[in-house]
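Participant:
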Amino acid sequence: MPASRVPSERAARAALAAHFTPEEVAADLADRSAAEVWQRRVSADPAGRLARYRPEEELRTATGGGQFVIPSDPEWPAALEDLGEQCPLGLWVIGREYLPRLTASAVAVIGNRNPTDHALTTARLYAGALAAAGHTVTATLSYGVEATAHRTAAVSGQASLAVLPRGLDHCHPHAHGSLMRDIRDSGGAVASLYRPGTPASGLTMQATAAALTALSRAVVLVEALDHSQTMHTADAALALSSRRNSYALLWQRRDVAVQELDLVRDDGVEQGLDIGIEVATLVDANGGVPHLACCVLGDAPGSDRVLRDDLDQDRALDVPGPTLG
Numbered sequence: 001m002p003a004s005r006v007p008s009e010r011a012a013r014a015a016l017a018a019h020f021t022p023e024e025v026a027a028d029l030a031d032r033s034a035a036e037v038w039q040r041r042v043s044a045d046p047a048g049r050l051a052r053y054r055p056e057e058e059l060r061t062a063t064g065g066g067q068f069v070i071p072s073d074p075e076w077p078a079a080l081e082d083l084g085e086q087c088p089l090g091l092w093v094i095g096r097e098y099l100p101r102l103t104a105s106a107v108a109v110i111g112n113r114n115p116t117d118h119a120l121t122t123a124r125l126y127a128g129a130l131a132a133a134g135h136t137v138t139a140t141l142s143y144g145v146e147a148t149a150h151r152t153a154a155v156s157g158q159a160s161l162a163v164l165p166r167g168l169d170h171c172h173p174h175a176h177g178s179l180m181r182d183i184r185d186s187g188g189a190v191a192s193l194y195r196p197g198t199p200a201s202g203l204t205m206q207a208t209a210a211a212l213t214a215l216s217r218a219v220v221l222v223e224a225l226d227h228s229q230t231m232h233t234a235d236a237a238l239a240l241s242s243r244r245n246s247y248a249l250l251w252q253r254r255d256v257a258v259q260e261l262d263l264v265r266d267d268g269v270e271q272g273l274d275i276g277i278e279v280a281t282l283v284d285a286n287g288g289v290p291h292l293a294c295c296v297l298g299d300a301p302g303s304d305r306v307l308r309d310d311l312d313q314d315r316a317l318d319v320p321g322p323t324l325g
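1 is the number of the first residue of the sequence shown in the UniProt record's numbering; add one for each residue after it.
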């Protein structure tokens with residue numbers, strides 16, 4: 001590649017992200033710049049497909065996809081680095097200037113796309129409590145629980161953060177385009193791992209689930225009866241808990257397919273406790289960092305459990321549980 005065509009670090013990262021997963025280039029990026037890695041990949045491509053790609057032009061002409069934020073930018077969420085080799089090469093963001101404020105205290109609220117009425121009530125309760133406490137409600141724009149969480153945050157006057165499993169030139173799902181615009185126009189942000197034009201797929205949804213959990217200090221799982229994308233996010237949250245000293249996944253036992261959660265965390269480390277924890281209070285404790293890996297939220301005696309033996313039990317027992325009505 002001629003010297004005049006060596007891409008900038010930003011354009012090179014965008015080009016690498018368009019053709020490779022983070023894991024496929026992580027080892028090379030450990031001791032080389034993205035521009036150098038891109039050049040080496042181009043040279044090693046016998047079909048010439050990468051040589052025909054123009055990183056600077058592709059980045060410049062990407063429309064409707066927001067701005068491409070990379071690790072050297074001040075807006076970059078450092079929490080993504082907890083993903084290790086899965087750490088994104090960059091993040092497409094609409095509302096880039098709001099990202100540091102939003103991710104400083106982000107809490108994901110996730111759940112069914114076809115929720116029960118009780119789940120919607122619970123989603124409103126927790127999203128409202130989190131927003132009122134100054135936390136950023138974070139979720140995809142999926143039907144059901146997650147869209148409800150965003151709308152509740154808006155009613156509470158708190159901007160939210162949406163993470164999409166496709167390029168930001170279109171919304172996913174398409175019917176929630178107005179919600180996506182409302183988030184953008186109200187001081188919130190919309191983020192994606194994928195360049196404009198990339199459609200949603202099973203793979204993009206799984207990677208997005210990991211990014212969503214990494215961006216969040218805690219994950220509140222309201223309902224997971226459909227055993228699908230919600231469980232990918234729960235799985236990602238539990239995996240991340242092994243990389244962070246303190247991280248929380250919270251769910252209501254009566255609403256969740258508990259056997260599925262048992263499968264994603266089968267190390268046998270569990271301790272029965274009878275506690276109810278109000279989410280905003282939990283996340284605010286000790287400087288905003290939750291001190292448990294996994295906890296069931298419930299209002300019935302004996303319905304709760306904690307996975308990991310690092311919860312300040314006395315403090316938790318003094319916190320009143322939410323009233324679900």
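We put the beta carbon where it would ideally sit given N, CA and C, even for glycine.
If you're wondering where the values come from, they're calculated on a predicted model, not measured in any experiment.
Which residues in the same chain as Ala-11 place their Cβ atom closer than 6 Å to its Cβ, once the five residues preceding and following it in sequence are excluded?
Facilitator: Stepping through the sequence shown from its first residue, residue 11 is reached at position 11. So the qualifying residues of the chain are Pro-55, Glu-56, Leu-59.
Participant: Mapping the DSSP letters down to three states, classify Ala-84 as helix, strand or coil.
Facilitator: As a first step, residue 84 must be located in the sequence shown, where it is residue number 84. Contrary to the premise, residue 84 reads as Gly rather than Ala in this sequence. Correct three-state label for Gly-84: helix.
Participant: Taking the beta carbon of Val-155 as the centre, do at least 16 other beta carbons fall within 10 Å, making it buried, or is it exposed?
Facilitator: Working through the sequence shown from its first residue, we reach residue 155 at position 155. Answer is exposed; the Cβ neighbour count stays below 16.
Participant: What number of angstroms, rounded off, separates the C-alpha of Gly-48 from the C-alpha of Pro-115?
Facilitator: Position 48 of the sequence shown holds residue 48. Position 115 of the sequence shown holds residue 115. Distance between the alpha carbons of Gly-48 and Pro-115: 48 Å.
Participant: Compute the distance between the beta-carbons of Thr-148 and Gly-128, then report whether it is under 8 Å.
Facilitator: The residue labelled residue 148 in the question sits at position 148 within the sequence shown. The residue labelled residue 128 in the question sits at position 128 within the sequence shown. No, Cβ-Cβ distance for Thr-148 and Gly-128 is not below 8 Å.
Participant: For the candidate residues Tyr-53, Gln-229, Leu-102, Gln-86, whose alpha-carbon lies nearest to that of Leu-130?
Facilitator: The sequence position of residue 130 within the sequence shown is 130, counting from 1. It is Leu-102 whose Cα lies nearest to the Cα of Leu-130.
Participant: According to DSSP, is Glu-223 helix, strand or coil?
Facilitator: Taking the sequence shown and counting its residues from 1, one reaches residue 223 at position 223. Note: Glu-223 maps to strand in three-state DSSP.
Participant: Who pairs with Thr-138 in a beta bridge, going by DSSP?
Facilitator: Residue numbering aside, residue 138 sits at position 138 when the sequence shown is read from its first letter. The partner list for Thr-138 (beta bridge, DSSP) reads Ala-108, Leu-161.
Participant: From the DSSP secondary-structure annotation, give me the bridge partner or partners of Ser-192.
Facilitator: Working through the sequence shown from its first residue, we reach residue 192 at position 192. Note: Ser-192 sits in a beta bridge opposite Trp-92, Leu-164.
Participant: Just mark Gly-302 as buried or exposed, buried being the case when its beta carbon has 16 or more other beta carbons within 10 Å.
Facilitator: By one-based count along the sequence shown, residue 302 stands at place 302. Note that Gly-302 has pLDDT 34, beneath the 50 cutoff, so the model's placement of it is unreliable and the number below is only indicative. Exposed, by the Cβ-count rule.
Participant: With DSSP collapsed to three states, give me the class of Ala-218.
Facilitator: Within the sequence shown, numbered from 1, the residue matching residue 218 stands at position 218. In the structure shown, Ala-218 sits in a strand (DSSP, three-state: E or B).
Participant: Nearest to Asp-182 by alpha carbon, out of Ile-94, Arg-243, Ala-237?
Facilitator: Here residue 182 refers to the residue found at position 182 when the sequence shown is read from its first residue. Nearest of Ile-94, Arg-243, Ala-237 to Asp-182, Cα basis: Ile-94.
Participant: Please determine if the segment 16-25 and the segment 80-87 are in contact, where contact requires at least 3 C-beta pairs separated by less than 8 Å.
Facilitator: Yes: the two stretches touch, three or more of their Cβ pairs being nearer than 8 Å.
Participant: For a quick check, are the C-beta atoms of Arg-13 and Ile-70 less than 8 Å apart?
Facilitator: Here residue 13 refers to the residue found at position 13 when the sequence shown is read from its first residue. Here residue 70 refers to the residue found at position 70 when the sequence shown is read from its first residue. Their beta carbons are under 8 Å apart, which means Arg-13 touches Ile-70 by this criterion.
Participant: If contacts are defined as beta-carbon pairs under 8 Å, then Leu-215 and Val-163 qualify, I think. What distance do you get, rounded to the angstrom?
Facilitator: Taking the first residue of the sequence shown as 1, we reach residue 215 at position 215. Taking the first residue of the sequence shown as 1, we reach residue 163 at position 163. At roughly 7 Å, the Cβ-Cβ gap stays under 8 Å, so Leu-215 and Val-163 are in contact.
Participant: Beta strand (DSSP E) containing Val-6: first to last residue?
Facilitator: Start at 1 with the first residue of the sequence shown, and residue 6 comes out as number 6. First-last for Val-6: undefined, no H or E at that position.
Participant: Hey, how far is the Cα of Leu-203 from the Cα of Arg-195?
Facilitator: Translated into the one-based positions of the sequence shown, residue 203 becomes position 203. Translated into the one-based positions of the sequence shown, residue 195 becomes position 195. Roughly 15 Å between the two C-alpha positions.
Participant: Considering only DSSP beta bridges, list what Phe-68 is partnered with.
Facilitator: The residue given as residue 68 occupies position 68 in the sequence shown. Answer is Trp-92, bridged to Phe-68.
Participant: Quick check on the DSSP output: the alpha helix (DSSP H) that includes Leu-125 runs from which residue to which?
Facilitator: As a position in the sequence shown, residue 125 is number 125, starting the count at 1. That run of the alpha helix (DSSP H) goes 117-132.
Participant: Between Asn-112, Val-145, Leu-141, which has its C-alpha nearest Tyr-126's C-alpha?
Facilitator: On the sequence shown, position 126 is the one that residue 126 refers to. It is Val-145 whose Cα lies nearest to the Cα of Tyr-126.
Participant: Rank Gln-206, Glu-223, Ala-224 by C-alpha distance to the C-alpha of Ala-239 and give the top, closest one.
Facilitator: The residue you call residue 239 lines up with position 239 of the sequence shown. For the residues Gln-206, Glu-223, Ala-224, the minimum Cα distance to Ala-239 belongs to Gln-206.
Participant: Going along the chain, which residues of its own chain have a beta-carbon closer than 7 Å to the beta-carbon of residue 331, five neighbours each way excluded?
Facilitator: Lying outside 1 to 325, the shown extent of the chain, residue 331 is not represented and no answer is given.
Participant: So Leu-99 and Ala-189 are in contact, right, with Cβ under 8 Å, and what is the actual spacing, rounded?
Facilitator: One-based indexing of the sequence shown puts residue 99 at position 99. One-based indexing of the sequence shown puts residue 189 at position 189. Between Ala-189 and Leu-99 the Cβ distance is about 5 Å, and since that is below 8 Å, they are a contact.
Participant: Checking 8 Å against the spacing of the C-beta atoms, do Ser-142 and Gln-39 come in under that value?
Facilitator: Numbered from its first residue, the sequence shown carries residue 142 at position 142. Numbered from its first residue, the sequence shown carries residue 39 at position 39. For Ser-142 and Gln-39, no; Cβs fall outside 8 Å.
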